[in-house]
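Asker: Mapping to the numbering used here: the sequence shown position 389 is 725, numbers consecutive. Before we start, here is the structure in question, set down as C-alpha cells.
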Amino acid sequence: MSTPESQPPAGSEPSNEDSASVSKKAAKKEAAKQEKLRRRQEQEALAAAARSLSVDEQDPLAANYGDVPLIELQSKTAEDVSHWTEVGSLTNALENRSVLIRGRAQTIRAVGKNMAFVVVRERGFTVQCVATVQPDTVSRQMVKYIAGLSRESIIDIEGVVSVPSVEIKGTTQQVEVQVRKLYCVSKAAVLPINIEDAARSDAEIEKALQAGETLVRVNQDTRLNNRVLDLRTPANQGIFRIQSQVGNIFRQFLISEGFFEIHSPKLIAGSSEGGAAVFRLNYKGQEACLAQSPQLHKQMAICGDFGRIFEIGPVFRAEDSFTHRHLCEFTGLDVEMEIKRHYFEVMDVVGRLFVAMFDSLNKNCAKELEAVARQYPFQPLKYLPETLCLTFEEGVQMLKESGVEVDPYGDLNTENERKLGLLVLEKYGTEFYILHRYPLAVRPFYTMPCYDNPAYSNSFDVFIRGEEIISGAQRVHVPDFLTERAQACGIDVKTIQTYIDAFRYGAPPHGGFGVGLERVVMLFCGLNNIRKTSLFPRDPLRLAP
C-alpha cells in the first residue's frame, strides 16, 4: 500500500508504475464484466438454438436420445462393461468400428438444424463427436436435444469412429465419432467458472492483452472455492496423476529395499516435534494433539524390531505460515530404519530413492508433465545420477564467498536457501542435493549430536530448486540423553514419557527422514504455490471445500 508520503501531490502526473497499476485493475474489471456478459450470451444462445431447431412432429427416433431415467442409474442391471471404450483409446485403428463412450460435454455447437458437434472429454482426453441427421438414426429433434445440452454434462454416446482427412484442432484424439445414439446421464448447472478459462496459461492471457483482447484470468481463491471444476483442467489432471505416481514410486522402492509400511496414530498426548505449532483438542476429557509427524511412533516401531519402516499419511501443523510452500495439513512420506555404523546409510537411501523417482516420472509421466507445462511452463529438473552431498559448513562457505553472511550455528532462511541452490547449480550442475551436519540448535530434540562437535548434529536437509523438501537425521536412542534433550528444548517430558520409555528396553541406533508429498510435486513441476498440488488445501485461512 502507498503511504501518504509516497502519494504524488495534487495536480501532478501519475508515474508510469501507477498508470500500469491502474491499467491492470481496469483490465481485470473489464475481464470480469466481459465474463458475465459471455455467460449471459451463452445461455441466450443455447435457448435460441433450441428455439430455432424446434419441430412439431413426434419423433420416431426418440429412443436414440434423451435423459437417462433415475431408475436406470440405480444399478438396475448388471452387465459386462468391457464393450465401453475410453476416449483416450480412440485412434485410427478403430476406424469404422462401433464404440460406446462416456464423458463430459466440453463444448456443444449446432450447425443449422441438421448437424451438431460435441467435444467429449474423459480424464483429460477429448474427441469430437458429430451428429448429422440420418433417416434411421439421427433426427432433427435429436440435433435440437444435443444443442440444448449444458456444458460439462455427462453423456453417453454410441457411434462409429471415422478418420477425417484434415487435422482436428482442439482435441487430443485425431478421430471423430459419428453419433448414432446420445443419452444424458447427468445435467450440469450453469458453471461459476469455465474450464477453458481455468486451463488458460498466464502467457496466453498476456498475449491476448497485448493484442487488445481480454481473456478471463481465474485467480487462486476462485479456483479453490470451485475446486471440483478446477480439478478438471488438463494441468490438474496431470498434477494429481504425477502425485499418485510419487506415492507409488516411494512405496515400491522402499519395499524393494526391505522396508514395510506402518500406520501410526494421529491423535497423540503431546507434541511430536516440540514447539507450539500444534492443533490441540479435548480427547474424552484429556488434552491431546494432532500429530505434527509420525516421528515418535515410527521410532517406537524400530524399538519393536521392525527394522525398516515407512508411512504415508496426514501431518498437521498449526503454524500461521502464509507462504507459497506451507500448509496446515499435508501428506507426509516418512521413513525410519536401523543403522549399523553411520547416518550416511539413511542419506544413501534418500539419494537413490529420489533419483529413481525422478527417472520414473520423466519416463512414465511424459504426457502428464506436458499437460502441466502447457499451463505452467517449467524446465525439467536437473539432477545427478549420484546425489551431491555437502556439509552445512561447506554451504555456509559457498554463501560467504558469494558475499552472503550466514550464522554458522543458525539455520538458513528461505532467501539463503534459494541463493545456495543457485550456487550449487552453477558449480555442480544439479538442482537436487543434500546438505548435512546442521547446527544442533536448529534441529528437533531427538536429533543425535555429532561425535566430534556437539554444536553440530548428525542431520541433513534435502533441496530441490533451492527449496527444502526433506529433513532427516540419526535419532537419539539413549533414554536418559533423550530426556535431557527434550527438557533442553522446553518439552514437558511427562507428555512423551511412553516414547522415552520405549528406549529403556534396548534400542538400536537408527535414523530416518520425512518429506511432504505436495512439496515434492510442486518443486519437481516447477510450480509457484503448494496449493496447486494439494487436492483440497488446508491453510490458516481455508477449511473448505
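Each residue gets a CB set at the ideal place from its N, CA and C atoms; glycine is no exception.
1) Would a C-beta distance cut-off of 8 Å place Ile638 and Ala624 closer than the cut-off?
2) Quick check: the Cα distance between Asp684 and Tyr841, rounded to an integer number of angstroms?
3) Can you give me the C-alpha to C-alpha distance between Ile806 and Cys725, rounded to a whole angstrom?
4) Quick one: give me the first and last residue of the alpha helix (DSSP H) that Val564 is part of.
5) For a test of the three-state rule: what should DSSP assign to Leu485, helix, strand or coil?
6) Mind listing, in chain order, the continuous beta strand (DSSP E) runs of no fewer than 3 residues lying wholly within the region 734–814?
7) Examine the Cβ distances between the region 418–431 and the region 446–461 and report whether three or more of them are shorter than 8 Å.
8) Once DSSP output is grouped into helix, strand and coil, what is the label at Gln715?
9) Return helix, strand or coil for Thr831, following the three-state DSSP convention.
10) Mind reading off the beta-carbon distance from His772 to Thr727? Whole number of angstroms is fine, and I expect it under 8 Å.
11) Could you say which of Phe690, Lys703 and Asp743 lies nearest to Leu853 if we only look at CA atoms?
12) Taking only runs of the beta strand (DSSP E) that begin and end inside the region 607–687, which ones reach a length of at least 3 residues, in chain order?
13) Considering only the alpha carbon of each residue, which of Glu729, Ser738 and Gly757 lies closest to Pro744?
14) Do the region 398–417 and the region 497–504 make contact, defined as three or more Cβ pairs closer than 8 Å?
15) For the pair the region 507–525 and the region 537–548, tell me if three or more CB-CB distances fall below 8 Å.
16) Could you check which residue in Val857, Asp828, Asn864 and Leu705 has the C-alpha nearest to that of Asp538?
17) If we ignore side chains and look at the alpha-carbon of each, how far apart do Thr723 and Asp670 end up?
18) Report the three-state DSSP secondary structure of Arg457 (helix, strand or coil).
19) Decide if Ile407 is buried, meaning its Cβ has at least 16 other Cβ atoms within 10 Å, or exposed.
20) With DSSP as the reference, label Arg587 as helix, strand or coil.
21) Taking buried to mean at least 16 other C-beta atoms within 10 Å of its own C-beta, is Tyr883 buried or exposed?
22) Can you tell me which of the three DSSP states Lys523 falls into?
23) Name the DSSP beta bridge partners of Gln470, please?
24) In chain order, what residues of the same chain have a beta carbon less than 8 Å from the beta carbon of Asp392, not counting five sequence neighbours either side?
25) Per DSSP, Met451 forms a beta bridge with which residues?
26) Alpha carbon to alpha carbon, what distance is there between Asp837 and Cys825?
27) Which residues mark the beginning and the end of the alpha helix (DSSP H) in which Asp538 is found?
28) Could you check what DSSP says for Glu730 in three-state terms: helix, strand or coil?
29) Am I right that Ile866 and Leu663 are in contact with their C-beta atoms under 8 Å? What's the rounded C-beta distance?
30) Check whether the region 781–794 touches the region 736–743, counting contact only when three or more Cβ pairs, one atom from each stretch, lie closer than 8 Å.
31) Distance check for Leu871 and Asn572, CA to CA, integer angstroms please.
32) Classify Thr462 as helix, strand or coil using the three-state DSSP reduction.
33) With C-beta atoms as the reference, is Ala483 less than 8 Å away from Ala452?
34) Under a CB-based cut-off of 8 Å, is Arg821 close to chain B?
35) Verify whether the separation of the beta carbon atoms of Phe598 and Glu674 is less than 8 Å.
36) I'd like to know if the region 776–784 and the region 799–817 are in contact, where contact means that at least 3 CB-CB pairs between them fall below 8 Å.
Answerer: By the coordinates alone:
1) Not in contact: Ile638 and Ala624 (Cβ atoms no closer than 8 Å).
2) Straight-line Cα distance between these residues: approximately 29 Å.
3) Ile806 and Cys725: Cα-Cα distance of roughly 14 Å.
4) Segment Arg563 to Asp566, the alpha helix (DSSP H) holding Val564.
5) Three-state result, Leu485: coil.
6) Runs found: 768–772, 795–800 and 803–810.
7) Judged by Cβ distances under 8 Å, the region 418–431 makes contact with the region 446–461, as three or more pairs qualify.
8) Three-state DSSP puts Gln715 in coil, outside helix and strand.
9) DSSP, read as helix, strand or coil, puts Thr831 in helix.
10) Yes, they are in contact, since the Cβ atoms of His772 and Thr727 sit about 6 Å apart, within 8 Å.
11) Checked all of Phe690, Lys703 and Asp743; the closest Cα to Leu853 is Phe690.
12) Qualifying beta strand (DSSP E) stretches, in chain order: 616–619, 622–626, 644–652 and 665–674.
13) The residue among Glu729, Ser738 and Gly757 with its C-alpha nearest the C-alpha of Pro744 is Glu729.
14) Output reads no: the region 497–504 does not touch the region 398–417.
15) In this structure the region 507–525 does not lie against the region 537–548, because fewer than three pairs of beta carbons, one per stretch, are closer than 8 Å.
16) Checked all of Val857, Asp828, Asn864 and Leu705; the closest Cα to Asp538 is Asn864.
17) The alpha-carbon atoms of Thr723 and Asp670 are separated by roughly 19 Å.
18) In this structure, DSSP gives Arg457 an extended state, which the three-state scheme calls strand.
19) Exposed, by the Cβ-count rule.
20) Three-state result, Arg587: helix.
21) No answer is possible for residue 883: it lies beyond the span of the chain, which begins at 337 and ends at 881.
22) Assignment of Lys523 by DSSP, reduced to helix, strand and coil, places it in the coil class.
23) Bridge partners of Gln470: Val474.
24) Summary for Asp392: the model assigns pLDDT 47, below 50, so the residue's position carries little reliability, and this model does not support an answer.
25) In the DSSP secondary-structure assignment, Met451 is bridged to Val447 and Thr468.
26) Cα-Cα distance, rounded: 18 Å.
27) Residues Asp538 to Gln546.
28) In the structure shown, Glu730 adopts helical secondary structure according to DSSP, grouped into three states.
29) Separation of the CB atoms of Ile866 and Leu663 is rounded to 6 Å, and the pair is thereby assigned contact status at 8 Å.
30) Segments in contact, no.
31) Rounded to whole angstroms, Asn572 to Leu871 spans 9 Å at the Cα level.
32) Assignment of Thr462 by DSSP, reduced to helix, strand and coil, places it in the strand class.
33) Cβ distance < 8 Å, so Ala483 and Ala452 count as in contact.
34) Chain labels in this structure do not include chain B; a single protein chain is all it has.
35) First, the amino acid is wrong: residue 598 is Ile here, not Phe. The answer is no: Cβ separation not under 8 Å.
36) As far as the Cβ criterion goes, the region 776–784 touches the region 799–817, which means the pair count is three or higher.
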